[in-house]
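Asks: I'd like to ask some things about the structure below.
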Amino acid sequence: MASRNRRDRFRVPPSPYLFIAPFFVVFAAFGIYPLIYALQLSFMRWRGAGEAHWVGLGNYLYLLTSPDFWASLGNSAVMWLLIVPIQVIAGLGGAVLLANAKLRLRGLFRVAFIAPFVTPLVAMAQVWIVAFDQDYGLVNHVLNLVGLPDVGWLTSTAWSKPTLALLFLWKTTGFAIIILLAGLQAVPGGVYEAAALDGASRTRQFWSITVPLVRRSMAFLVVVQTLAVFQMFAEPFVVTEGGPYGSTTTAGLYLYDHITASDLGTGAANSFLLVLLVFGLSLVSVRLLRPKDEAS
Amino acid sequence: MSEPPMDRRGFLKGALGLGALAATGGTLAACAPGTPGGPGAQPSKLAKPTASAASAKGEITIWNRSGDLFKVFDAAIAKFREAYPNVTVNHQAVDIDAKLANTLISGTDVPDGSFWDDAKIGGQAEHLYDLTDLIAPYREQTSPYKLSVNTVEGKIYGVPWDLDPGLLWYREDILESAGIDPASLATYDDLLTAARTIKEQDPKTRPIHLDKSPFLGQLWLEMLANQQGTSLTDAQGRLRLDSAEYRRVFAWIQTAVKDGLVTHAPYLEPADVNTLESGQQVFVPWAIWWSFAPQQLLKATKGKWRAAPLPAWTPGGPRSGAMGGSSFVIPAKAKNPELAWLLYEFLCFKEPGYTAVYGPNSVYPGGLSTSIPSYQPALDPAKPLFQPIEALGGQDLWKVAVDAAATIPAAAPIPWWWAQSVDYLGNNVQRLMEGKMAPDDVIAESAQKIQRNLIDRS
């Protein structure tokens, strides 16, 4: 009797598997297979046609000894520093602002914050190009009105990264606000009421309640934006084409350069090095921002 | 008993890993067609079609760039259809730079023929028809430069179309007031002397245009190298940047920069246009396609610009080099390659064809004057395909361009990695133009990086 029950446990009707099969077929075809294919490609030299040659770790060694590869990572790291900390702070500020029930014109603010996020990036990038042009851009025009000289926002290596970072911040801070606002709204109102009854000031409530309780949302935001910054492609591609002098060639754009050069094996190897890097950075971010109750 | 929930940390780690993998590696892999290690497309030789104009029949899809040139070709294709009434041409405006290479590699929706930059052809030769036999009857009468850039390992893969000679564009009124005879600008040293004379009269001028785009700057550099009979690589693909010819160009740029004789501005962007209009820029050594500027962009100085042959690098040397250019290719996987060849043969080598492209048409009533044909029988000075240009004070640009083009030396095939080398050479040439790098450093650093990152990995 017992053995029959065990057999019945494995006698599951096929229909559930049939219903979920399409997802797995599609995922295998467009997720798993390309992934394995790319891994295989990363050990080969292949230009998109002709015979591929097995080069072992050659592509990886080439990249790891290439100043351009490290420069692209350096550019992405600087962009990360210019973007993520500012975005977490600005996002939290925006979320607190929008969470305030007494705020007037809240709907208007919400639209204002989210509008850049839903606007096509290429359109925004074109606005950036026009606004920050060294010779006829609006920003330099304003500087000239107050007696300041022109700045090569997109043409000098000193300013190109901050200018692109500003575009990225403008574009995606609305997303940060959404994430953090969701975290904020999950905080029970009673916690604040209790703190107020105990005489905690607004500042004290912010640091002792708001920040600790949205830490998970902040960790999620940092991980997602770390991924986004290290894959940043469209902004430098459209606005600066990676220049001037490679100063905005991000890791994502450098990877793309291999693809356009038909150096697909190196591109694949580059993508896997990025995977490792982003994975490591994400783990570090999660660990650093882990709430204290989970840390032990 | 319910299953224990998945460990949250484990799930997060797994999700992060998969997300990151999918976001980077997966995206890349999705772009990669074909099978590594599998057989590649073999070059095919296209035989001469046996069908006559009357019997040729079928439909072809032809890709072209969008814009004015598309309309010009559209009209020329209509002329072709008069000669080949049973051939239907599906003429499409396509972003060729973005699509053609991918299409050739994947073999999907391949056109029967396409317009393409000369610089791109060498890199995709294995996906194109070998046209050597078809070009053979026209070979002796085609520009040696165009033949050389379309040749890979002795085989011709493109139908040579336009020739883009470099010319010296100058402000006639300013030279006249400075007492400079344009005919006296025989060498690049003469050009520096003339620029100094103009600057002495008006210290605000910075007479010579240098381009502030790494890509166009490198294309311009190659024009000056071609003028001296050299190019970035030799026929075997060996780098020859470290040479007297390149060193001569770099030294000239360095002198012009040090003496404050240059305006460093991006090609025909507002800053450039302003300095052209204000008289700050007086000389623009550039390809024939700069003729677009006085005809379309420059309002205040329209009619004041003229063209002359480039100065020579050494007395009596060639007075022009090629800057850019395009040809037509026929993909090896084209469905009707013979019909595509008939079309391109008509447009490039038959008088009604090249006349329809370059002669007066509804888009350019005076004719297309931004390049000239590379087929020498089309370059008859007595039979100009485009008219004297009002925006150049009625100058006969045709004659100037044809005379200059006759001096353009042959070149070596353009290496497939040429566009990628802009990241090294093009950038360093810009640094030279900004006075931040010396000629020897440009040569040494660019050569080292091109060799390591491009040639050694070919």
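Keeping their order, the protein sequence lines are chains R and L. In terms of UniProt numbering, the first sequence opens at residue 1 and continues consecutively. In terms of UniProt numbering, the second sequence opens at residue 1 and continues consecutively. Glycine residues also receive a C-beta, built at the ideal position from the N, C-alpha and C atoms.
1) Would you check if the distance between the CB atom of residue 302 of chain R and the CB atom of leucine 103 of chain R is smaller than 8 Å?
2) DSSP on arginine 431 of chain L, reduced to helix/strand/coil?
3) Within a Cβ cutoff of 7 Å, which residues of the same chain sit near glycine 122 of chain L, ignoring the five residues on either side of it in sequence?
4) Can the beta-carbon of glutamine 395 of chain L be found less than 8 Å from the beta-carbon of arginine 306 of chain L?
5) In whole angstroms, what is the alpha-carbon distance linking leucine 454 of chain L and leucine 104 of chain L?
6) Using 8 Å as the threshold, is the stretch 425 to 435 of chain L in touch with the stretch 332 to 342 of chain L, meaning 3 or more CB pairs across them?
7) Can you grab the Cα-Cα spacing for the pair serine 55 of chain L / asparagine 86 of chain L, in whole Å?
8) With a cut-off of 8 Å, does the C-beta of alanine 261 of chain R fall near any C-beta of chain L?
9) Have a look at glutamate 338 of chain L and valine 422 of chain L and give me their C-alpha separation to the nearest angstrom.
10) Tell me, please, whether the stretch 135 to 155 of chain L touches the stretch 353 to 367 of chain L by the rule of three or more beta-carbon pairs shorter than 8 Å.
11) Any beta carbon from chain R within less than 8 Å of alanine 22 of chain L's own beta carbon?
12) Tell me which same chain residues have a C-beta within less than 7 Å of the C-beta of glutamine 124 of chain L, skipping the five on either side of it?
13) I want to verify the contact list: residues of chain R whose CB lies under 8 Å from the CB of glutamate 153 of chain L, in sequence order.
14) Return the residue from the list L:His209, L:Leu241, L:His91, L:Ala340 that minimises the CA-CA distance to glycine 260 of chain L.
15) Closer than 8 Å, CB to CB, is glycine 48 of chain R near chain L or not?
16) Within the chosen definition, does the stretch 65 to 83 of chain R reach the stretch 151 to 165 of chain R through at least 3 CB pairs nearer than 8 Å?
17) Do the stretch 233 to 242 of chain R and the stretch 194 to 207 of chain R make contact, defined as three or more Cβ pairs closer than 8 Å?
18) For the structure I just gave you, are there three or more beta carbon pairs, one from the stretch 61 to 76 of chain R and one from the stretch 145 to 159 of chain R, closer than 8 Å?
19) Please name the residue, chosen from L:Ala438, L:Glu172, L:Pro360, L:Lys258, that lies closest to lysine 71 of chain L on a Cα-to-Cα basis.
20) When you compare only the Cα positions, how much space is there between arginine 240 of chain L and alanine 21 of chain R?
21) From the DSSP secondary-structure annotation, give me the bridge partner or partners of methionine 44 of chain R.
22) Output yes if chain R places a C-beta closer than 8 Å to the C-beta of isoleucine 105 of chain L; else output no.
23) What separation, rounded to the nearest whole angstrom, lies between the Cα atoms of serine 231 of chain L and leucine 273 of chain R?
24) For the stretch 117 to 147 of chain R, which residues have a CB atom closer than 7 Å to at least one CB atom of chain L, in sequence order?
25) Verify the CB distance criterion: does glycine 91 of chain R have a CB-CB separation below 8 Å to chain L?
26) Answer with buried or exposed for glycine 280 of chain R, where buried requires no fewer than 16 other C-beta atoms within 10 angstroms of its C-beta.
27) Kindly identify the DSSP beta-bridge partner or partners of arginine 306 of chain L.
28) Count the other CB atoms within 10 Å of the CB of asparagine 90 of chain L; is the residue buried (16 or more) or exposed (fewer)?
29) How should glycine 367 of chain L be labelled, buried or exposed, when 16 other C-beta atoms within 10 angstroms of its C-beta is the threshold for buried?
30) Give a yes or no on whether the minimum CB-CB distance between arginine 457 of chain L and chain R is below 8 Å.
31) Tell me whether lysine 155 of chain L sits in a helix, a strand or coil according to DSSP, three-state version.
32) Identify the residues that DSSP records as bridge partners of glutamate 338 of chain L: which are they?
33) Kindly list, in the order they appear in chain L, the residues whose Cβ is closer than 8 Å to that of glycine 246 of chain R.
34) Any idea if proline 270 of chain L is buried or exposed, counting beta-carbon neighbours within 10 angstroms, 16 or more meaning buried?
35) Any idea which residues DSSP pairs proline 165 of chain L with across the strands?
36) If you draw a straight line from the alpha carbon of proline 439 of chain L to that of arginine 247 of chain L, how long is it in whole angstroms?
Replies: With the structure as the only source:
1) A query on residue 302 of chain R cannot be resolved here, the shown segment of chain R reaching from 1 to 296 and no further.
2) helix
3) Val152, Pro413, Ile414, Pro415, Trp416
4) yes
5) 22 Å
6) no
7) 7 Å
8) yes
9) 36 Å
10) no
11) Model confidence at alanine 22 of chain L stands at a pLDDT of 38, short of 50, so the residue's coordinates are unreliable; what they give is reported in the following sentence. Output row for alanine 22 of chain L: interface = yes.
12) Ala101, Leu104
13) Ordered by position in chain R, no residue passes the 8 Å Cβ test against glutamate 153 of chain L, which lies about 14 Å from the chain.
14) L:His209
15) yes
16) yes
17) no
18) no
19) L:Pro360
20) 59 Å
21) R:Trp54
22) yes
23) 36 Å
24) Asp135, Tyr136
25) no
26) exposed
27) L:Tyr170
28) exposed
29) buried
30) yes
31) strand
32) None, per the DSSP bridge assignment.
33) Asp423, Asn427
34) exposed
35) L:Ala322
36) 7 Å
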